Amino acid sequence: MKNAKRKDFMVEIGRSMNRFLSILFIVALGVAFFAGIRSTRPDMELSADAYYDETNLMDIRIVGTLGLTEDDVEAVRQLPETEYAEGAYTTDVLCEGADREKTVRIFSMSRSINQFTLLEGRMPERAGECMMDRGKAYQGQFALGDTVKVYSGTDDALSDTLKYDTFTIVGIGMSSRYLSLERGTTTIGNGSLDTFMAVTPDNFSMEVFTDIYVQTKEGKAFLSYSDEYQDYMDRVKEEIENTLSEPRSAVRYREVTDEANRKLNDARRELTEKTAETDRKLDDAARQIADAQKKIDEGKTDILKGRADLEKGKNDLENAKNDLEDGKRTLAEKEQELEDAKVTLAEKEQELEDGKVTLAEKEQELDDARKEVADKEQELEDARRKFDEELPGARMDLDDGWLDYEIGLEEYEEGKEELEEQQEILKEGWKEYRKNAPEVERNLKKALNGLLSMGIPLDITPSEIGRIQVEDFEIDAYAPYLEMIPGGEGALLVDGVHTIQASYQELTYGDAAVKEGKKELAKAKRELAKGKKKLDQGEMKLKNARRKLDEGEEQLADARQKIIDGEQKVADAKQDIVDGEGKIADAHRDIADGEVKIADAHRDIADGEAKIPKAEKDIAKGEADIEEAQRKLDDGEADLAEAKVKYEDSRQEAEEKIADAGKKIDDAQKDIDDIKEPEWHVLDRNAIQTYVEFGSDAERIGAIGKVFPFIFFLVAALVSLTTMTRMVEEQRLQIGTLKALGYGKWSIASKYIGYALAATLAGSILGAAAGEKLLPYVIMTAYFILYENLPVMLTPFNLYYAFLASGLALACTVLATVFSSYKELLSSPAALMRPVPPKQGKRVLLEYVTPLWKRLKFIQKATVRNLFRYKKRCLMTIFGTGGCMALLLVGFGLNDSISTLGEKQYNDIWTYDVLVQTDDEADEAEQKALRSFVSQGDVDAWLRVEETILDVSAGDVTKEAYLFVPEDLEEVDRFVHLRSRESREAYVLDDDHVLITEKMAGLLNVKEGDTIYLKEDEGVLYPVVVGGIAENYLHHYVYMTPALYEKVYGKAPEYNTMFLDIKDLNEETQNRLGTELLSFDSVMTVTFIGTMRGQISDMLDSLNVVIWVLIISAGLLAFVVLYNLNNININERQRELATMKVLGFYNPELAAYVYRENIMLTILGSMVGIVMGYFLHRYVMTTVEVDMLMFGRQIRPISYAYSVLMTYAFSAFVNLVMYYKLKGIDMVESLKSVE
């Protein structure tokens, strides 16, 4: 018996392989997606953790504001949780790249912690060698063996931090501190770090370490991104801060201040000694200079008397020369005027001659134009005469042609109407024929079969009688027999057949005649079209000829007007020539008078020049005597001046040196006084940008994995449940037979439970194996494009998720099978061996809409009734299709919501270009210099803001947010758009309320008018009222006015941030502006929004692959679900469909009968899917968001269209596959299935 059951079980699987594989694949899809997506986050975190452990990435980093000493390192080593602790050096420098200046961070290599991964070459072994980062700044810029020259990016000398400024690249590698393409920010260059280098510690000239890296004892025992790891790191950080931070900072403070005070006291003592010696030397030099000055003053008195006499003679001579020069200038001017007049006269004479030549040319052109016009007038007259002669004949020919066309068109219309009447008569004839012929044919067949049954020998068989076509049946051969039928019915039948055959013959001939008539009409219509085309061409020729004549008239009129204008111009030119000849005669007379006057002036100048040489000779002798005396005096003064200069230089230099030394001592004293108690900043891996970014990305994948796979799995499980339920119901007869044979309930049910168990287990194993390997690999491969420096990709089997998904699948299918089997086994064997009686037919709701129902065809009515007859199948198909459609819509909606985040945040809400963080403690002069810089040049507008981090609470919930207080309220909208996401209402800050961002409002569960509490470091709570909820997608913000800030906090805002709007921002401007801004002492960091936009875009683009995995998986599920449900539908209705085949339905007609139902159910399912997808998308978006991030809430219309079209495409493909199943239905076997 057991062997028989086992054999029956195996046969059942083979017989229903389609069903078995459907369950297997749908379970495999559900389990693969559930386990695969859920496993992706732990796999990503495990891969990163393995790389961190492999490279010994630090657990703790300690940074001291005054540096860190070897004693500090030793103190950290003594902590109980420290495994390793090493001091390290770090500095940021600049170097020249192939395209622009690069910012480089140089790390010292450690013995064990923060190991670098070498890709090419070797690690540095001596000073002057480096390993270069393999990132994007390296590619195409440097190569192995290249020399890199670096220089300081600040006012400090490079030698303060490095011993060498040139390094040779001996290796290319990467670091676990930089998993992604980004390298972070810096305070030099343009503010963005491009690359890093690793060198040996002996390359640094610093006396103290910049960092201490710590590897903890238990750090590697935990996964890096786990809560246990973070809790452990928090404890270690707290231990360092509590036990070492303050004591070691106090020791370092004493060391620094003691050393500084010692050096300062030595400098003061040296300055006092140097000042006394300098004063003694300066006094001796001053006495010598005073004696020399007395002798020089006496010589100056004698020279001054001689100079006075000489000066008088010079003045007299100078006056005479001036008079002479004035005469010469006047003479030169007159001569020049005369020459100019002669030149002008020559030019005018030449112009007159040119005018005469031009006049002659114009008169000749005028004569030519008159002749041309006369020729044109004759040509036009000839053309018009010819046109007038030919016009009547052409017009008559066209009129005759139009008359023939109208007659032909009328004859065509009459023929067309006549043909249509004949067609209508034939249509009525055929209608009458089709109405009577079937009845006559049935009566004929009945009569012939009756004669055969009476034993009358006819040369025709019953099968041949069944194939009789009345129109071509030879009735005369059987007329004698038919007339033997009593009552005259046979004779009437023979007459009827003759009548039908005659009608058929006439109608056939009529159809042929109509067909021939249509050909004739078509031919006539073509001829008419040709004739009309020729007539139109003739009309066009007449119009063109008339237009050419009109154009000729216009051209002739233009030419005549030109001749008139030319004659006027010639008359004007003749008058100009007459006027010009008169003016030239006047000019000749003026030139003759001028030449006479110039000759008189030449004589006067010659007399004056003869008197000047004697006076000059007397003055020259007096000057020579004075010059000799002056030379001797100058030599004395030169010596004295040189002595004075040396004295002043020495005195000034000494005073400057003393003052500089004093200032330096004062500055040094001030610096010592300003030295603050150093602080230790104890940081963990959360201070590494890419560590946090990778963890956030993994967290987002985990958030998607919490929601989407569960819904996906739910749809798959529901369809599997339906499949097994239908299988049990289909096999009622076999269950009844086994029960009648004495099999127990468990024995019978075990077959179906085993069937479900086998399919589900096989699907679960296949799904878990494929899903946990394939999906994490695909998603991580996409993410590793962004995190190119993570070489480890681990995808181990996650048994927890595999067993969880398999258990859920088994529970759904096996429990459904148990329930269905138990329900059927409650019935008696006799009841089970009879088919389930069909349910009582019910009218559907649509039947009560009489006007609509009456207009439906029979097939359409049957389709509607079938939809509501199988209510379970209808609901399962609608909700199964709707579920898959909803998953597709959520996939596309995720893409819409995520892809628009960067665009909305950085284009619509934040419209500024640069964010500059300034030092709160910078003095007013530094801040004023910065404001002066941003008020000119590349900056179009700027806004100062206080932006600080605080806690915001409402009820029991507390969240961290940025407080945003703008200095100029009128400029806020230029940099940040404050508006409601739903109503698009723009907000304006007022002095009574604050605005908060939408995500934070949701987390705090507050609305407009509610009170929230602001808490800063002091722990005091400040209540404020919410005046609006502003749209924002990145971080949380509280916006308030400066007046409200003063009212709440009792002090004025301290503006520590500047927003800049740049006129024309490009890469060159960005690099230059970043460098210039960072040169100000008051500027701490410079962040360009374009850079942030790119980082967000890269992060979100990596999610696109995940989203497409969701979409493709949902599409596969849709196909399997639709296939499974359609398969169930056809199996349930196999007898019905076989009966329709027997009734004469062809395969395409049968398929169309089933397709109509599928299409309607798909349309209804897609409508349900739109509603489900909308709400599911909202739920998924709020679930996958992290605290500091809000995705968009809208789904684009095109995504609805894509989801619907994909659902329809899968439905159409399933219908195509099902066609072959419908085609293969065996009519006899299907109708015998009940027996």
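Quick note: the sequence shown uses full-length UniProt numbering, first residue 1, plus one each step. The beta carbon of each residue, even a glycine, is placed where N, CA and C say it ideally should be. All values derive from a computational prediction rather than experimental measurement.
The residue from Gly189, Phe116 and Ala32 with its alpha-carbon nearest to that of Val93 is Gly189. When rounded, the separation of the alpha-carbon atoms in Leu810 and Glu824 is 21 angstroms. Under the DSSP assignment, Ala75 falls in the alpha helix (DSSP H) whose first and last residues are Glu70 to Arg77. With a cut-off of 8 angstroms on Cβ pairs, the region 1165-1183 is in contact with the region 1197-1206, counting three or more such pairs.
A residue is called buried when at least 16 other Cβ atoms come within 10 angstroms of its Cβ; Pro1197 does not meet this threshold and is exposed. Counting along the chain, the unbroken beta strand (DSSP E) around Ser108 starts and ends at Glu101 to Ser108.
In the DSSP assignment, Asp231 falls within the alpha helix (DSSP H) that extends over Asp227 to Ile240. By the criterion of a C-beta distance shorter than 6 angstroms, Gly171 is surrounded in its chain by Leu118, Gly121, Arg122, Met123 and Met131, once the five residues flanking it on both sides are discounted. DSSP lists Gly171 and Ala198 as the beta-bridge partner residues of Met131. Restricted to the UniProt domain "ABC3 transporter permease C-terminal" (1109-1224), the alpha helix (DSSP H) segments that are unbroken, complete and at least 4 residues in length are 1134-1142, 1147-1184 and 1197-1223, listed in chain order.
Residues of the same chain with a CB within less than 7 angstroms of the CB of Lys745, apart from the 5 flanking positions on each side, are Leu825 in chain order. C-alpha of Ile1130 to C-alpha of Leu714: approximately 24 angstroms in a straight line. According to the DSSP secondary-structure assignment, Asp1061 is paired through a beta bridge with Ala941. By alpha-carbon distance to Ile1111, the top candidate from Leu889, Trp680 and Leu1161 is Leu889.
Boundaries of the alpha helix (DSSP H) harbouring Glu926: Glu924 to Val934, taken from the DSSP string. DSSP, read as helix, strand or coil, puts Thr154 in coil.
Boundaries of the beta strand (DSSP E) harbouring Tyr1022: Leu1021 to Ala1030, taken from the DSSP string. Closest option to Glu1046, judged by alpha-carbon separation, among Asp1064, His993 and Thr997: His993. Scanning the UniProt domain "ABC3 transporter permease C-terminal" (707-823) for uninterrupted alpha helix (DSSP H) segments of 4 residues or longer gives 732-740 and 745-786, listed from N- to C-terminal end. Looking at the backbone, the Cα of Gly408 and that of Gln505 are separated by about 34 angstroms. Trp910 has Val976 as its beta-bridge partners, per DSSP. In the three-state DSSP reduction, His681 falls in the strand class (E or B).
For Gln936 and Leu930, the gap between their C-alpha atoms comes out near 11 angstroms.
The alpha carbon of Glu381 has as its nearest neighbour, out of Thr358, Leu556 and Asp397, the alpha carbon of Leu556.
Comparing alpha-carbon positions, the option among Ala267, Lys959 and Glu553 lying closest to Ala661 turns out to be Ala267.
Lys149 has Thr166 as its beta-bridge partners, per DSSP. Leu1150 is positioned such that its CB atom lies closer than 8 angstroms to that of Met1140.
Asp476 sits exposed, since fewer than 16 C-beta atoms from the chains shown fall within 10 Å of its C-beta. Taking the Cα positions, Ile23 is about 14 angstroms away from Val728. About 6 angstroms separates the beta carbons of Met58 and Asn114, which is inside the 8 angstroms limit, making them a contact pair. Taking a cut-off of 8 angstroms for Cβ pairs, the region 1116-1132 and the region 873-883 touch, as three or more such pairs fall below it. Looking from the CA of Thr881, the closest CA among Ser1166, Thr344 and Thr195 belongs to Ser1166. The C-alpha of Arg546 is placed about 17 angstroms away from the C-alpha of Leu535. Membership of Lys904 in any alpha helix (DSSP H) is not indicated, and neither H nor E is assigned to it by DSSP.
For the 8 angstroms CB-CB criterion, Leu223 and Glu70 do not form a contact.
Contact annotation: the region 198-210 touches the region 100-111, with at least three C-beta pairs closer than 8 angstroms.
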